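Undergrad:
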DNA sequence: CCATACTCCTAAAACGTTTTTGTTATATTA
DNA sequence: TAATATAACAAAAACGTTTTAGGAGTATGG
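Protein chains in written order, with the working numbering: chain E, -10 to 332; chain W, -10 to 332.
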């Protein structure tokens, strides 16, 4: 039904190869010929059939992106913003994005194999890197190009973008310390994630700088979901050594802490200070607006695609490993503690 | 680098066509032969090269889904949950999902043309249908199968799933009326969206049933984002005829109203009642939990894919047009008004 | 023993594009 | 005028899969 080169050949009287060459801008095509061919192509809304182009070129012009999910439905708005960036970057270069979901655990690697095997995609964007990440090992083995959002260990040469989350969390924690908080809780992320290590370090370093002892009883390991944030914060708020501030590994967790705070009647920003991480739009529009590290998620998405694009087209990649400085945004979810607790 | 039929042919001594037929389960292949071939295929991790398969079959085994965005980054978590459903449904049938973003306005149709032209996808899932939807016209014209989340007008035979949002909003509004509210605001969605019409009708019908006059001054047209929800609610709360309850077109808008309420010191569920629509997980984990219509988003995503799958494979579609009854969930964001206002 | 049926395999074509190589006709140069 | 360069087009191959058509060999039946 759709128009093919063959049809244009029949209509214009030129050969298929001339049609193709004319449309692709080859020089040895007569100007008048090209005009006629272009006109016919426009008339019939010609668009090259991708499957054929892909087979011929050995490329799909598609990249893969898997959204991490917890359970069936829960995911982080962070990934839509990222996906939007990746998608818009891709569209600008006439690439497409194949999206799937990747469950935590065993299924994750399978999900990646599924889109990589059979050459469904030319390359992959990977997020939430793990210490010793099987996906990276696999992609290296099968020679599929990829870029990471986040670092990995023991792989010195892989391309990535990461936020310096050690210093990010450190800044936020110091901010709370400067405000006078001395008992600062921390809801962190699963241990296997690389950024957990950095964020934990940032938290500890800030405490150390202010001579405060690390107190494991007010540090909880969450899973980056709002629901778990709420549950763990509820626990924290029930403890006798209730913290006056809570640092969270991401915004979604922080919003869970908001719920818990509301529930027990704590006023956010005075009774309890809360900080997030990521800078999703929900953080900005929460009340009070959430103190957080503003990651330029959309722009990072575009940049990730552009890095991958260069890898795929053998263009030189000047900055293969990019570590972005944290941009803290101090909003009203953090303030001085209601009554200064002992120091 | 990856293994191809040719390689397996060389290794086993059979022809390419026999290899293919053996792996595809054709009956006229000797059992022992098949065993050997399967073994070799497994040994080399053979997976058919999709571009070739696609070209040969005239199908991509890919469906398209475009996420509506407002501005650069803002989108609704609703669409991740939906995408997760679509993606999982697709993966179960060895289909993939090509995802892009579609801006509001002129660019939208272009975004659809982009993935449909050139046969990038076999079919499309469309959301947020408009009255007189150009996308539907286009897809019908180029004979690309599609399914809708939402109805359209003047196209009696197109396949869709929709929630009965007239009755959904009606139920919520009636719930508020029963609680004693008489001044009920409404933050609705852009007029061109089909579901706006239904939701508006539901609101009006409920009022009428209780003999309350429609008051345009407490009805605002939003854009389904949290930010606009917050802004419009702030307006509402500043008015002298401040409503005691606000019905919202979706959960995200309702969460914006939460922010506005917090900001002016209104207690949600008593000073001000708020209802949403969709049942995203943020609604459940907000405080207080949001009264809303629980759309089984993930399941709808799966079902949408399965409908499209049947269309693509010429299987009979028993229920071509599905209208799901609304499932209201009454939570603590709605309660009786603080002091009964005149009735 | 011939004809027929059955089993198991292979050759070849096709999908539509891009690119390499070649060909023809015309123009240029010696 | 003959040799050579140039311009403009076309033929053909290739990408890897699936499927159609058919062929060789063996078994079955009369």
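For each residue, glycine too, the CB sits at the ideal point set by N, CA and C.
Fair warning: this is a prediction, and the values are worked out from it, not measured in the lab.
(1) Specify the secondary structure class of residue 142(E) as computed by DSSP and reduced to three states.
(2) Under 7 Å Cβ-Cβ, which residues of chain W neighbour residue 41(E)?
(3) What residue from 276(E), 9(E) and 308(E) has the CA that sits closest to residue 248(E)'s CA?
(4) Let me see if you follow: with CB-CB separation under 7 Å, is residue 14(E) close to chain W or not?
(5) Smallest Cα separation from residue 318(W): which of 161(W), 40(W) and 16(W)?
(6) In chain order, what residues of the same chain have a beta carbon less than 6 Å from the beta carbon of residue 166(E), not counting five sequence neighbours either side?
(7) For residue 135(E), which residues does DSSP report across the bridge?
(8) Step through the CB atoms of chain E and report whether any lies within less than 7 Å of the CB of residue 10(W).
(9) Determine the burial state of residue 230(E): buried for a count of at least 16 other Cβ atoms within 10 Å of its Cβ, exposed for fewer.
(10) Of all the residues that make up the segment 219 to 253 of chain E, which are near chain W by a beta-carbon distance shorter than 9 Å?
(11) Which residues, taken in chain order from the segment 70 to 81 of chain E, show a beta carbon closer than 9 Å to some beta carbon of chain W?
(12) On the DSSP letters alone, give me the boundaries of the beta strand (DSSP E) that residue 208(E) sits inside.
(13) Quick one: what does DSSP say residue 162(W) is sitting in, helix, strand or coil?
(14) For residue 96(E), name the three-state secondary structure that DSSP assigns.
(15) Applying a beta-carbon distance threshold of less than 9 Å, which residues of chain W neighbour residue 56(E)?
(16) Please list, in chain order, the chain W residues whose beta carbon lies closer than 9 Å to that of residue 212(E).
(17) Relative to the C-alpha of residue 252(W), which residue among 298(E), 322(E) and 134(E) is closest?
(18) Is it the case that the Cβ atoms of residue 52(W) and residue 86(W) are separated by a distance below 7 Å?
(19) What residues in the segment 274 to 302 of chain W have a beta carbon less than 8 Å from any beta carbon of chain E?
(20) Any idea what DSSP makes of residue 149(E), helix, strand or coil?
(21) Please report how far the alpha carbon of residue -4(W) lies from the alpha carbon of residue 27(W), in whole angstroms.
(22) My understanding is that residue -8(E) touches residue 33(E), with C-beta atoms under 8 Å, so please give their C-beta distance in whole angstroms.
(23) Return the CA-CA distance between residue 194(E) and residue 155(E), expressed in angstroms with no decimal places.
(24) Buried or exposed, going by whether 16 or more other CB atoms sit within 10 Å of the CB of residue 31(E)?
(25) Against chain W, does residue 96(E) count as a neighbour if the rule is that its beta carbon must be under 7 Å from one of theirs?
(26) Can you find a CB in chain E that lies within less than 7 Å of the CB of residue 194(W)?
(27) Considering just the uninterrupted stretch of the beta strand (DSSP E) at residue 53(E), what are its terminal residues?
(28) Taking the alpha carbon of residue 333(E) as the reference point, which residue from 206(E), 187(E) and 259(E) has its own alpha carbon closest?
(29) Which residue spans inside the segment 251 to 321 of chain E form an unbroken alpha helix (DSSP H) run of at least 4?
(30) Indicate the three-state DSSP secondary structure (helix, strand or coil) for residue 18(E) in the structure shown.
(31) My guess is that residue 140(E) and residue 183(E) are in contact by the Cβ rule of under 8 Å, so how many angstroms apart are they, rounded?
(32) Could you name the residues of chain E that residue 109(W) contacts, counting a contact when the two beta carbons are closer than 8 Å?
(33) At which residues does the alpha helix (DSSP H) containing residue 46(E) begin and terminate?
(34) Could you work out which residues of chain E lie near residue 49(W), taking near to mean beta carbons separated by less than 7 Å?
(35) Taking just the CA atoms, how far does residue 313(E) sit from residue 227(E)?
(36) Closer than 8 Å by beta-carbon distance: list the chain E residues that pair up with residue 127(W), in chain order.
TA: By the coordinates alone:
(1) coil
(2) 44
(3) Nearest neighbour of residue 248(E) by Cα position, chosen from 276(E), 9(E) and 308(E), turns out to be 276(E).
(4) Any Cβ of chain W closer than 7 Å to the Cβ of residue 14(E) would place that residue at the interface, and such an atom is absent.
(5) Residue 318(W) has its Cα closest to that of 161(W), out of 161(W), 40(W) and 16(W).
(6) 199
(7) 113(E)
(8) no
(9) exposed
(10) 219, 241, 244, 245, 247, 248, 249, 250, 251 and 252
(11) 70, 72, 73, 74, 76, 77, 79 and 80
(12) 208 to 210
(13) helix
(14) helix
(15) Under the 9 Å cutoff, chain W gives 69, 72, 73 and 76.
(16) By Cβ distance, chain W contributes nothing, its closest Cβ being about 13 Å from residue 212(E), past 9 Å.
(17) 322(E)
(18) Residue 52(W) places its beta carbon less than 7 Å from that of residue 86(W).
(19) Within the segment 274 to 302 of chain W, the residues whose Cβ lies closer than 8 Å to any Cβ of chain E are, in chain order, 274, 275, 276, 277, 286 and 287.
(20) Shown here, residue 149(E) sits in a strand according to DSSP, grouped into three states.
(21) Rounded to the nearest angstrom, the gap between the Cα atoms of residue -4(W) and residue 27(W) is 13 Å.
(22) Rounded to whole angstroms, the Cβ separation of residue -8(E) and residue 33(E) is 4 Å, and the two are in contact under 8 Å.
(23) 9 Å
(24) exposed
(25) So, not an interface residue.
(26) no
(27) 51 to 58
(28) This structure cannot speak to residue 333(E), because chain E is shown only from -10 to 332.
(29) Inside the segment 251 to 321 of chain E, DSSP marks whole alpha helix (DSSP H) runs of 4 or more residues at positions 270 to 274 and 286 to 301, from first to last along the chain.
(30) coil
(31) 6 Å
(32) 39 and 85
(33) 39 to 46
(34) 40
(35) Between the alpha carbons of residue 227(E) and residue 313(E) lies a distance of about 37 Å.
(36) In chain order: nothing, as chain E lies at least about 11 Å away.
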